[in-house]
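Engineer: Dumping the structure here so I can ask a few things about it.
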Amino acid sequence: MNLAVLILLGVIFATIPLIQSSFGHGVGGETLPPIVIDDKNATLSLFINPPTYDPKTGEYEILLKLYETNTQAVIPHVTYLVQMSHDGKQLFSERFHDDSSNLSIKVVPKNTNSIKIDGSNYGELGWSSNIISPLKIEGPIFLSGGLYKFHIEVLTIGTDSNKLNPPTKFDASISLADLTDHKISYEGNDYAIGVMSYYDKINNFSFDDNSRTISFSMPYDWSKQNISQTSVVHQEIRIPKNFAEMLVTKYDATVNGIPIQESGVTIDDYTTDSRIVHLVLTQKELGTIVDSVQDKSKMTFTMTPSKQEKFPLSSYTHNAIFQVGLSWDPAPIQPSKNTRFYVDITRYFAPKVREDAKFDFVISQHGKELYRKSVTGLIGADEKTNYYDYTFSDKNLGPIIISIENINGEKLSSTDYVIVVKPTSNGSPGKYFVDLTWIPENLQPGQAEFILTIYDKDLQPVSGAKYDFAVLQNSKPVYQNSAIAKEGGSFEDVTFFEANKGPLTLQVSKIDRTNESVELPITVTPEFPLGWILVFTILFSGVIVLSKINKKTGYFMSHPF
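Structural data, given as structure tokens:
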């Protein structure tokens, strides 16, 4: 796992509250909450190594450790009853013993009908390692990734003869991360989209060409008891870096039709061949949205390139010393137009430290450098203090790598970003303007009123013109209506619900029986900030150009304000 993922997971788990029961779902392992056993405040940890499923892995290891919570000292002479199941089928139920309490079980996956244990059997105390060889199980275990459930009973503690009556029981579910690859075709090109699930195996993967939406499902029990046992649900979507139409600055994601918080969707460009988009749902967020979930037997994820830009892109250098932000203007990047890149650098552990910086600003494409310049700037400065200009040509369409290298002479103080140079708009001029206002300015669940007036090129109101008005969520209509424009403004009353929170698209189309249309990204938020009502004036000629480019290339471009 690369450095960026480790940092991300560190942040995730640092923010997850301790679950107050002897239950838990972990990614590759679990440290269960303390519990009193035989007058000792004890903690049980359970891990699988390696934590990721790979059919080429010849041996895994199950590690069990019971120790005193306050001193971290292991508790000796522990006998465990371990029952392990997967996909509703019990894999084994056996007793194991270790004098030091550090129980290690080597697991050799074999597609057989039964298990075989290599070790010493001490009757009621169970299986233990030999003097010269480790305890080993061979059989149909870890033949696939997903969620593995453990029921563990502590039978003896302290001495072999100290039998607990009743035994202390634990339940845990450990996720063996599962990577699947899915071949898709888009505009005559073949790509492989990877999904790494850190909870359970996924199914029903699909890719929609029109909206460029990736979707897949995963079994999940949405009961409140199960949510209380789920620390985090984490999915990685791996996008090839040559898939230009999917390389954007922001993605909109949902689970069961409910928007995932923006902080739960992050971009990782560290790997060589793929961009990784992390979808993270914390226990708190699961508890917040559970009442809005209709199908409580699974999670269905969607991820779509957003129509909004998100700046700055942020990443860490390979040595985790610096955090680097990258943004640019104008967006989207187009050939023959000067692009100004802003590079914001801060020390990760001392973000307020201000100092001089020297680094290399590098632009490359298809493995070849287009531009390299040693530049100077400031670390810890205000945003957009450091900027550098470059103009791309028509030969540079598609994915581009922007690299910030050798900050202050440190080779590992480097990071990369994937951006896209998009074709220049060249559509036909349109005939209309539209004036849009909505109340309240900051849309929340509840009723909102949209006021629109259509004007001709002479800025005269157009009355009697038919139009279609729609609000879309994940390309599906939340509200739609056909109406006739009025000179003093037309009114559309829309009611938003909790399930509509997040990014939406406002669409006005078929103006006056023409093919002219406009799309505008809006957001429904649960918060209630104050502000003035904004009036947006949109030139339809730009919208026609947008429509033509989208149809030809599949790119989503920003609305032309």
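In my numbering, the protein residues as written are 1 to 561. Cβ coordinates follow ideal geometry from the N, Cα and C atoms, glycine included. If you're wondering where the values come from, they're calculated on a predicted model, not measured in any experiment.
What first and last residue would you give for the beta strand (DSSP E) that runs through Ser509?
Structural biologist: As a first step, residue 509 must be located in the sequence shown, where it is residue number 509. From DSSP, the beta strand (DSSP E) with Ser509 extends over Gly502 to Ser509.
Engineer: Can you tell which of Lys169, Asp181 and Phe96 has its C-alpha closest to the C-alpha of Ser129?
Structural biologist: Counted from its first residue, the sequence shown places residue 129 at position 129. Looking at the Cα atoms, Phe96 is the closest of the given residues.
Engineer: Quick one: using the 10 Å Cβ neighbour count with 16 as the cut-off for buried, is Ala350 buried or exposed?
Structural biologist: Residue 350 sits at position 350 when you count from the first residue of the sequence shown. The residue in question, Ala350, is exposed, as its Cβ has fewer than 16 Cβ neighbours within 10 Å.
Engineer: Looking at C-beta atoms only, is the number of pairs between the segment 204-211 and the segment 162-175 that lie closer than 8 Å three or more?
Structural biologist: Not touching, per the Cβ criterion.
Engineer: Where does Ala499 fall in DSSP's three states?
Structural biologist: Taking the first residue of the sequence shown as 1, we reach residue 499 at position 499. It is helical.
Engineer: Using the rule of at least 16 other Cβ atoms within 10 Å of the residue's Cβ for burial, across every protein chain shown, is Pro399 buried or exposed?
Structural biologist: Counting from 1 along the sequence shown, the entry for residue 399 is found at position 399. Pro399 should be labelled buried.
Engineer: Across the segment 289-300 and the segment 210-224, are there enough close Cβ pairs to call them in contact, namely three or more that are closer than 8 Å?
Structural biologist: Yes: at least three Cβ pairs fall under 8 Å.
Engineer: What residues match up with Tyr148 in a beta bridge as DSSP calls it?
Structural biologist: By 1-based counting over the sequence shown, the position of residue 148 is 148. Tyr148 pairs with His86 and Ile174.
Engineer: So, with DSSP's three-state summary, where would you put Lys395?
Structural biologist: The count along the sequence shown starts at 1 and reaches residue 395 at position 395. Residue state, collapsed to three classes: helix.
Engineer: Find out if the Cβ-Cβ distance for the pair Ile379, Ile402 is shorter than 9 Å.
Structural biologist: The sequence position of residue 379 within the sequence shown is 379, counting from 1. The sequence position of residue 402 within the sequence shown is 402, counting from 1. Result no, Cβ atoms of Ile379 and Ile402 do not sit closer than 9 Å.
Engineer: Compute the Euclidean distance between the alpha carbons of Lys422 and His318, then round it to the nearest angstrom.
Structural biologist: Residue 422 sits at position 422 when you count from the first residue of the sequence shown. Residue 318 sits at position 318 when you count from the first residue of the sequence shown. Their backbone Cα atoms lie some 29 Å apart in a straight line.
Engineer: So, using beta-carbon positions, are Lys106 and Pro140 closer together than 9 Å?
Structural biologist: Walking along the sequence shown from the start, residue 106 turns up at place 106. Walking along the sequence shown from the start, residue 140 turns up at place 140. No, the Cβ-Cβ distance between Lys106 and Pro140 is not below 9 Å.
Engineer: Does Asn189 pass the burial test, meaning 16 or more other C-beta atoms within 10 Å, or should it be called exposed?
Structural biologist: Taking the first residue of the sequence shown as position 1, residue 189 is located at position 189. With fewer than 16 other Cβ atoms within 10 Å, it is exposed.
Engineer: Could you pull out every residue in the same chain whose Cβ sits closer than 6 Å to the Cβ of Asn338, ignoring the five residues on either side in sequence?
Structural biologist: Taking the sequence shown and counting its residues from 1, one reaches residue 338 at position 338. Once the five neighbours on either side are set aside, the close Cβ partners of Asn338 are Asp389 and Thr391.
Engineer: Which residues does DSSP pair with Thr52 in a beta bridge?
Structural biologist: Translated into the one-based positions of the sequence shown, residue 52 becomes position 52. Thr52 is bridged to Ala177.
Engineer: For Ser482 and Asp456, what's the separation of their Cα atoms in angstroms?
Structural biologist: The sequence position of residue 482 within the sequence shown is 482, counting from 1. The sequence position of residue 456 within the sequence shown is 456, counting from 1. Computed Cα separation, rounded: 20 Å.
Engineer: Extract the residue ranges of the alpha helix (DSSP H) inside the segment 182-255, only unbroken runs of 4 or more that lie entirely within it.
Structural biologist: Whole alpha helix (DSSP H) segments, 4+ residues: 224-229.
Engineer: Under DSSP, the alpha helix (DSSP H) around Leu472 begins and ends at which residues?
Structural biologist: In the sequence shown, the residue the question calls residue 472 occupies position 472. No alpha helix (DSSP H) contains Leu472, which is instead part of the beta strand (DSSP E) from Lys466 to Gln473.
Engineer: Anyone know if the C-beta pair for Lys358 and Asn408 falls short of 9 Å?
Structural biologist: By 1-based counting over the sequence shown, the position of residue 358 is 358. By 1-based counting over the sequence shown, the position of residue 408 is 408. In contact: Lys358 and Asn408 (Cβ atoms closer than 9 Å).
Engineer: In terms of alpha-carbon separation, which member of Asn226, Asp269, Phe216 and Lys241 lies closest to Gly257?
Structural biologist: On the sequence shown, residue 257 is found 257 positions in, with the first residue counted as 1. Minimum Cα distance to Gly257 is reached at Phe216.
Engineer: Whole angstroms are fine: how far does the CA of Gly123 sit from the CA of Phe243?
Structural biologist: Here residue 243 refers to the residue found at position 243 of the sequence shown. Here residue 123 refers to the residue found at position 123 of the sequence shown. Their Cα atoms are separated by approximately 59 Å.
Engineer: Please return the same chain residues whose Cβ sits closer than 6 Å to the Cβ of Asp181, not counting the five positions on each side in sequence.
Structural biologist: Residue mapping note: residue 181 aligns to position 181 of the sequence shown, counting from 1. Only Ala192 and Gly194 meet the Cβ criterion.
Engineer: For Gly563, is the classification buried or exposed, using 16 other Cβ atoms within 10 angstroms of its Cβ as the cut-off for buried?
Structural biologist: The structure shown does not extend to residue 563, since the chain is modelled only from 1 to 561, so the question has no answer here.
Engineer: Can you list, in chain order, the residues of its chain with a C-beta nearer than 7 Å to that of Ser413? Leave out the 5 residues immediately preceding and following it.
Structural biologist: Mapped onto the sequence shown, residue 413 falls at position 413. Thr317, Asn319, Ile321, Phe322, Asn406 and Ile407, listed in sequence order.
Engineer: Could you name the residues of the same chain whose beta carbon sits closer than 8 Å to that of Asn210, not counting the 5 residues immediately before and after it, in chain order?
Structural biologist: On the sequence shown, residue 210 is found 210 positions in, with the first residue counted as 1. Only Ser475 meet the Cβ criterion.
Engineer: State yes or no: is the beta carbon of Gly139 nearer than 9 Å to at least one beta carbon in chain D?
Structural biologist: The structure shown contains no chain D, having only a single protein chain.
Engineer: Flag this pair as touching only if the segment 231-238 and the segment 110-126 have three or more C-beta atom pairs under 8 Å; answer yes or no.
Structural biologist: Touching, no.
Engineer: Considering only their Cβ atoms, is the gap separating Val248 from Ser336 smaller than 9 Å?
Structural biologist: In the sequence shown, the residue the question calls residue 336 occupies position 336. In the sequence shown, the residue the question calls residue 248 occupies position 248. Cβ distance not < 9 Å, so Ser336 and Val248 don't count as in contact.
Engineer: Under a three-way DSSP split, which group does Asn408 fall into?
Structural biologist: As a first step, residue 408 must be located in the sequence shown, where it is residue number 408. Asn408 falls in the helix class under three-state DSSP.
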